[in-house]
Every structure is written in structure tokens, then in C-alpha cells.
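These notes concern the structure reproduced below.
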Amino acid sequence: MTGRAIIDIRGLFKAFGDNEVLRGVDLAVRDGETMVVLGPSGCGKSVLLKHIIGLMKPDGGSIVVEGREVTGLDRGELNELRMRFGMVFQGAALFDSMTVGANVGLPLVEHHRTGGSELDRLVEEKLEMVGLAGTAHLWPSELSGGMKKRVALARAIALDPDVILYDEPTTGLDPVMAEQINELIRSTQGKLNATSIVVTHDLHSACFTGDRVALMDEGRIAFEGTTDELTKTENEAVRTFIARGRRPLPGEREADPSCDRYGLF
Amino acid sequence: MTSSSVTSRRNQGGFGSGLLRTFGGGALDLVTEVGAAGLLLWRAFLSLRKLGRSFHLIVVQMRRIGVESLPLVMITSIFTGAVTAVQAAYQLKEFVPKIYLGVAIYKSVSIELGPVLTALVVGGRVSASIAAELGTMRVTEQIDAMDAMAIDPVRYLVMPRVVAALIMLPVLTIFADVLAISGGFIVSNLSLDVSAKTFVEGMKLFFFPHDVLGGLFKAFVFGGIIAIMGCTAGLRTHGGAVGVGRAATRAVVASCVLILIGDYVLATLLFKVIFGEA
Ligand SMILES: Nc1ncnc2c1ncn2[C@@H]1O[C@H](COP(=O)(O)OP(=O)(O)OP(=O)(O)O)[C@@H](O)[C@H]1O
Ligand SMILES: [Mg+2]
Chain A
1 MTGRAIIDIR
11 GLFKAFGDNE
21 VLRGVDLAVR
31 DGETMVVLGP
41 SGCGKSVLLK
51 HIIGLMKPDG
61 GSIVVEGREV
71 TGLDRGELNE
81 LRMRFGMVFQ
91 GAALFDSMTV
101 GANVGLPLVE
111 HHRTGGSELD
121 RLVEEKLEMV
131 GLAGTAHLWP
141 SELSGGMKKR
151 VALARAIALD
161 PDVILYDEPT
171 TGLDPVMAEQ
181 INELIRSTQG
191 KLNATSIVVT
201 HDLHSACFTG
211 DRVALMDEGR
221 IAFEGTTDEL
231 TKTENEAVRT
241 FIARGRRPLP
251 GEREADPSCD
261 RYGLF
Chain B
266 MTSSSVTSRR
276 NQGGFGSGLL
286 RTFGGGALDL
296 VTEVGAAGLL
306 LWRAFLSLRK
316 LGRSFHLIVV
326 QMRRIGVESL
336 PLVMITSIFT
346 GAVTAVQAAY
356 QLKEFVPKIY
366 LGVAIYKSVS
376 IELGPVLTAL
386 VVGGRVSASI
396 AAELGTMRVT
406 EQIDAMDAMA
416 IDPVRYLVMP
426 RVVAALIMLP
436 VLTIFADVLA
446 ISGGFIVSNL
456 SLDVSAKTFV
466 EGMKLFFFPH
476 DVLGGLFKAF
486 VFGGIIAIMG
496 CTAGLRTHGG
506 AVGVGRAATR
516 AVVASCVLIL
526 IGDYVLATLL
536 FKVIFGEA
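See below:
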């Protein structure tokens, strides 16, 4: 857990027109740990993840993954890197013209030319890991939101990645389903021994899944530390973020009291 | 303040300058779109080295672009041929012997009407559907997901569509040519008082294979235009459901305009420069 930084982000800057989303993000993720990036909606968490996997190009700063600068890679090198990453998109992003099984199997077919019964076996194995055994023949439109996210996770781990990126895995799910997904992230982490980055604005999910937590605020990382440190810090941004979770505005989701065991409430 | 000054400036221009701006903006959009399409076409060309592995994807697209367009093409071409017969008969009237009716129909269909009308009706149908499909994939992050799993969307989505359209447009055009000439033949026979023998004799009189080949080459190029403009508009989609709608419109407009411009260029090239010499 004290391993070297596998992902090292320095001074990352990104603006869309006048909208400066990232204004110098510094973040180091160590080999084998689960890093949770917290932050309010719209603060640029998804944008940060997309930079890590090279889907967006930064205006400034650097992203070093295992000693290689991502921003300077050509398409071929980038794809080599991406083979070792798995990403669960915020909206699942399942291919809706393919069945669940074909979705999960696509990376295997395309990169390892797996086929026949071997493909079926691997797909079923991944689906089983996310608790969806026997759903390979369904279409994405036949799934609930939670099932979609789990299929997206199964697809992300199809190639046994070294790094898994989760974009809001529990957002929009009921508490039971959210809990299941949290546990799934934990157990996947245990089984694959991967490094994970979980992006969320759900404090409870952060406490449960994370080894370390970073809080994004105003386009920068305002706090970085263990979950324990998060609960004890006097950091202004952290206190504000937690306080906002504690006194939900009308219509906002009620704060999850189970985070209490960390003494937050 | 800024927004109100922008609107007021917009309102100052009268109808004429507004029209000019709309037209200029549209032309500029088209130029940008064509530039992007050129780049995309080049990347699709480079991904041809994985042609063998994309075979199943190409077959699916050939069915969607080719087979599913067949009913539309059949109806369009039969009536095109019929109308051509009536119009030609009216224009030739007493001045020209009836034996030339067959050749007039055959020439106009195989050189011009077959390829162009097929491309226009198939283009409307296919480029819109490609743009809407890829556009939806873009706004729901399916394209990003594909990129993220190191699968090149150009290889997986664009190249199969372009290859399929390049193959299927000439095939559809052959169907269209045959049906249009048959339509013309039937009308000539039944209502224009031109016997089957006269019609066929006339066709044989001036049958040049390069008429048909030139027409099919046009269809080949039009196929590429239709697929690449659909893919370009689709991949450049942004902004939700409205964006997808706009992408479909852009694809249809761009492919129809380019088909007509391309038709002129190819007609000059083929029938003036290349075959004209012979
Ligand atoms: N492709 C894009 N083009 C223009 N602006 C964008 C784009 N992607 C994101 N943004 C802007 O960047 C900001 C951050 O967006 P992002 O999706 O990263 O938020 P987020 O932190 O993931 O929020 P949420 O928790 O709601 O998912 C937003 O203001 C958004 O409008
Ligand atoms: Mg997000």
C-alpha cells in the first residue's frame, strides 16, 4: 500500500471556453490502493478521469502513468496503455446494439481474439463476479440502472486491468443497490488486486470503498489523505463539503447516517 | 449586456444580409464538415489493413445499407424510367424517329438518372441513419467507452460502413438501371406505341459499355460520400438529443449537396476528359 505512485498528475489544467474546470490538479495514486476523488456535482471529476485515460487532452500540466507521460502518447501507445485500464462510465455507456454478453466479451474478442466456448466461459465468469450470472442474452435496454452499472463493471474488468476507473458508480441508485455496488468495488479490488480510482460525491461510498480520499474544490485538490484523516481534518473545503452532506437542501438526497461510524455526524 | 448587443446586431441586418449570412454560414459549415470528412476518410483508409478482422461488421452494414434500401430504390427507379419514357416521347415527338426512344432512355438512365437518383434516395436514408446512430453513441459516451477499451471507433464503426457503401451503391445502381429501363420499356410499349423490337434495336444501336461503367463509377464515389458524411456528422455530434437531430440533418444536406457537385465533376472528368477522347 505504501507502493510508488502508479499515476502521478501534476498541475493539470483544462478549460472549455471560459469555463475553467481544472485549475492545477495535483494527485498521486499509489500502486494497489483505492483512491476516492470526492467533489460536488459539476466540479470536473468526470473530466479528470477522462484525462487519465487520454479521452481528453489537457491545456496544461502532466499525467504520468508508470513513468510515461500520457499527454504525449500517439494513438498506438495510448491504446497499449488503455488495454491495462478499465473504465466504468457514469452512464454505464453500454453498447445498446449488442447484448450484455457481447458487451462484456467485446474487449476479449477484439484484443485476444477469444471465441467460441472459451469466450462464453469468460463472459459468464465476469458476469458472475458482478452478480449477474445468466444475463448474457439480455439487451441493455432490458436492464435496470443498477444492472447496467454492474454490466459496465464486468466489461471494464474483462481484460483483467491493472487500473480501474469508476465514474460515480453509486449515483442515482437506491441505498441497497448502492451498498451492493460499494461491496462489489471492494471485492473486485480484492480479487484483481488492481489500483482503483473511484469518483463520487457520495461521502458514504467514499468512506466505504476508499483507502485514501481526495477532495476536489474550485478545480484543485483541496485535501488528500486517508479516510480517517478526512474525518479529523480542519480543512475548510472538507468541512464545507461534509456540512453540505449533513444538512441536505430540500430535494437533495438525505445524508447517509451509516457514515457515522467515522464520526462525521 | 453582451448577449443583448449580439441579438440587436443580429436584428439590424435586413432580410438580404440575413440571407447572405445564413448562406455564408451554411457554406462555411459545409467546408469544415468536408475537411473533417477528408481526415476521417484517410483514417478509415489506414484501418483497411484490419479488413479481414472486420469482415463480419462489413457484412452487417452491407445488409443495412444495401438490402434494406432495395424496396425504396426499386420504386424510385421504375417510376423514373416510366417518366423518362413519357418525357422523351413528348420531346422527340415527330422530329426524331421512334427508334431513338430506347437509346434516349437507356443513356439518360445509365449515365445520369440511375446513379444520381439512387444515391440521393439512399443517401437521405442511409447517411441520416448512420449519423443518428453514431451521434447517439457519441452523446451516450459509447464512443468514449470504445476508445477507452482501446478499440478504434474508426476501424470498428466508420471503415465497415464506408466499405459497405462503396460496394452496395454500385450494386443498387445496377438494380436501378435495369428496373428504370424496364419501366421505360413497359410504358413505351403499352402507351407510347413503340414496339419491343424498335425499343431494343434502338438501345443496341448506341450501346457503349463505358456509359454503364461511368455510371457505376459515379455510384461508387457517391457511396463513399454518403457513408463518410454520415459518419463525420455522427462522430462530431454534441449536445444531447437535439444534437443527434442536427447531426442527421447535417449528414443528409452534406451528402446530397456533395453528390450533386460530385456528379458535375465526375461527368466532366469521365465523359469529357476520359471517354470523350475515345
Ligand atoms: N465535453 C465538454 N465540453 C464542454 N464542457 C464540458 C465538457 N465536459 C464537461 N464540461 C464541463 O466541465 C464541468 C465539469 O464537468 P464534469 O462532468 O467533469 O462534472 P462532474 O464533477 O463529473 O459532475 P457530476 O458529479 O455531476 O458527474 C461542467 O461545468 C461541464 O459543463
Ligand atoms: Mg461526472
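These protein sequences, in sequence, are chains A and B.
Following our numbering, the numbering of the first sequence begins with 1 at its first residue and continues without gaps.
Following our numbering, the numbering of the second sequence begins with 266 at its first residue and continues without gaps.
Ideal placement from N, C-alpha and C gives every residue a C-beta, glycine not left out.
Cβ-based neighbour list, residue i, same chain, cut-off 6 Å, excluding 5 preceding and 5 following
{"i": "A396 (chain B)", "result": "G495, A498, G499, A512, A513 and A516"}
{"i": "L525 (chain B)", "result": "none"}
{"i": "A430 (chain B)", "result": "I330, G488, I491 and A492"}
{"i": "F471 (chain B)", "result": "V368"}
{"i": "G146 (chain A)", "result": "L173 and M177"}
{"i": "G54 (chain A)", "result": "V70 and L78"}
Residues near residue i by beta carbon distance below 7 Å, same chain, minus five either side
{"i": "D8 (chain A)", "result": "A28 and V64"}
{"i": "V271 (chain A)", "result": "The structure shown does not extend to residue 271 (chain A), since chain A is modelled only from 1 to 265, so the question has no answer here."}
{"i": "T71 (chain A)", "result": "K57, P58, S62 and I63"}
{"i": "T401 (chain B)", "result": "V509"}
{"i": "Y355 (chain B)", "result": "none"}
{"i": "K50 (chain A)", "result": "M56"}
{"i": "T272 (chain B)", "result": "Because the pLDDT of T272 (chain B) is 43, which lies under 50, any placement of that residue in the model is unreliable, and the number read from its coordinates should be weighed accordingly. Closer than 7 Å at Cβ, skipping near neighbours: no residue."}
DSSP beta-bridge partners of residue i
{"i": "Y166 (chain A)", "result": "A:V88 and A:V198"}
{"i": "A5 (chain A)", "result": "A:R30"}
{"i": "N19 (chain A)", "result": "A:F16"}
{"i": "D214 (chain A)", "result": "Going by the sequence as given, residue 214 (chain A) is Ala instead of Asp. Looking at the DSSP assignment, A214 (chain A) forms a beta bridge with A:V37 and A:E224."}
{"i": "E69 (chain A)", "result": "A:V64"}
{"i": "V25 (chain A)", "result": "A:L12"}
Residue i versus residue j: straight-line alpha-carbon distance, rounded
{"i": "F487 (chain B)", "j": "P336 (chain B)", "result": "19 Å"}
{"i": "L293 (chain B)", "j": "E359 (chain B)", "result": "49 Å"}
{"i": "R113 (chain A)", "j": "P107 (chain A)", "result": "9 Å"}
{"i": "L322 (chain B)", "j": "M424 (chain B)", "result": "9 Å"}
{"i": "L38 (chain A)", "j": "V100 (chain A)", "result": "30 Å"}
{"i": "Y371 (chain B)", "j": "I539 (chain B)", "result": "21 Å"}
{"i": "V123 (chain A)", "j": "A506 (chain B)", "result": "32 Å"}
{"i": "D211 (chain A)", "j": "K232 (chain A)", "result": "15 Å"}
{"i": "M216 (chain A)", "j": "D409 (chain B)", "result": "23 Å"}
{"i": "E406 (chain B)", "j": "E142 (chain A)", "result": "19 Å"}
{"i": "N235 (chain A)", "j": "R244 (chain A)", "result": "14 Å"}
{"i": "R275 (chain B)", "j": "T287 (chain B)", "result": "At R275 (chain B) the pLDDT is 47, less than 50, meaning the model places this residue with poor confidence; the figure from the coordinates comes in the next sentence. If you take the alpha carbons of R275 (chain B) and T287 (chain B), they lie about 11 Å apart."}
{"i": "T383 (chain B)", "j": "L457 (chain B)", "result": "26 Å"}
{"i": "A445 (chain B)", "j": "N454 (chain B)", "result": "14 Å"}
{"i": "A237 (chain A)", "j": "Q189 (chain A)", "result": "29 Å"}
{"i": "R403 (chain B)", "j": "F440 (chain B)", "result": "35 Å"}
{"i": "F320 (chain B)", "j": "F485 (chain B)", "result": "19 Å"}
{"i": "A156 (chain A)", "j": "S392 (chain B)", "result": "32 Å"}
{"i": "L295 (chain B)", "j": "L306 (chain B)", "result": "16 Å"}
{"i": "E77 (chain A)", "j": "M414 (chain B)", "result": "13 Å"}
{"i": "N266 (chain A)", "j": "N79 (chain A)", "result": "A query on residue 266 (chain A) cannot be resolved here, the shown segment of chain A reaching from 1 to 265 and no further."}
{"i": "D476 (chain B)", "j": "A532 (chain B)", "result": "11 Å"}
{"i": "V198 (chain A)", "j": "K149 (chain A)", "result": "14 Å"}
{"i": "R452 (chain B)", "j": "A353 (chain B)", "result": "The sequence shown places Val at residue 452 (chain B), not Arg. Near 11 Å, if we compare the C-alpha coordinates of A353 (chain B) and V452 (chain B)."}
{"i": "D18 (chain A)", "j": "G24 (chain A)", "result": "16 Å"}
{"i": "P40 (chain A)", "j": "F241 (chain A)", "result": "8 Å"}
{"i": "V443 (chain B)", "j": "G467 (chain B)", "result": "16 Å"}
{"i": "V251 (chain B)", "j": "M87 (chain A)", "result": "What the structure shows of chain B is the stretch from 266 to 543, and residue 251 (chain B) is not part of that stretch, so it cannot be assessed."}
Cβ-Cβ separation, residue j to residue i (assumed contact under 8 Å), whole Å
{"i": "G60 (chain A)", "j": "F13 (chain A)", "result": "4 Å"}
{"i": "I52 (chain A)", "j": "L165 (chain A)", "result": "6 Å"}
{"i": "N103 (chain A)", "j": "V36 (chain A)", "result": "Contact flag wrong, Cβ pair sits at about 26 Å."}
{"i": "T438 (chain B)", "j": "G379 (chain B)", "result": "5 Å"}
{"i": "L184 (chain A)", "j": "L159 (chain A)", "result": "Contact flag wrong, Cβ pair sits at about 18 Å."}
{"i": "S375 (chain B)", "j": "G480 (chain B)", "result": "5 Å"}
{"i": "F208 (chain A)", "j": "A214 (chain A)", "result": "Actually they are not in contact, since the Cβ atoms of F208 (chain A) and A214 (chain A) sit about 16 Å apart, beyond 8 Å."}
Cβ neighbours of residue i in the same chain (closer than 8 Å, five flanking residues each side left out)
{"i": "D256 (chain A)", "result": "Model confidence at D256 (chain A) stands at a pLDDT of 47, short of 50, so the residue's coordinates are unreliable; what they give is reported in the following sentence. Once the five neighbours on either side are set aside, the close Cβ partners of D256 (chain A) are P175, D202, L203 and H204."}
{"i": "G300 (chain B)", "result": "none"}
{"i": "A133 (chain A)", "result": "E124 and L127"}
{"i": "F89 (chain A)", "result": "A152 and D167"}
{"i": "F95 (chain A)", "result": "A102, N103, L106 and P140"}
{"i": "A93 (chain A)", "result": "A152"}
{"i": "F344 (chain B)", "result": "G448"}
CB contact check: residue i to chain D, cutoff 8 Å
{"i": "F89 (chain A)", "result": "Although the question refers to chain D, the structure presented lacks it and instead comprises the protein chains A and B."}
**OP:** Compile a chain-ordered list of the residues in the segment 414 to 431 of chain B whose CB is closer than 9 Å to at least one CB of chain A.
**Re:** M414, A415, I416, D417 and Y421
Original post:
Any residues in the segment 457 to 468 of chain B with a beta carbon nearer than 7 Å to a beta carbon of chain A? Which ones, in chain order?
Top reply: none
Original post:
Of the residues that make up the segment 395 to 411 of chain B, which ones have a beta carbon closer than 7 Å to any beta carbon in chain A?
Top reply: T405, E406, Q407, D409 and A410
Original post:
When Cβ atoms are compared, which residues of the segment 91 to 116 of chain A fall closer than 9 Å to chain B?
Top reply: G91, A92, A93, L94, F95, D96, S97, L106, P107, E110, H111 and R113
Original post:
Taking Cβ-Cβ distances below 9 Å as the criterion, which residues of the segment 39 to 56 of chain A are in contact with chain B?
Top reply: K50, I53, G54 and L55
Original post:
Residues in the segment 66 to 79 of chain A with C-beta within 9 Å of chain B's C-beta atoms, listed in sequence order?
Top reply: R75, L78 and N79
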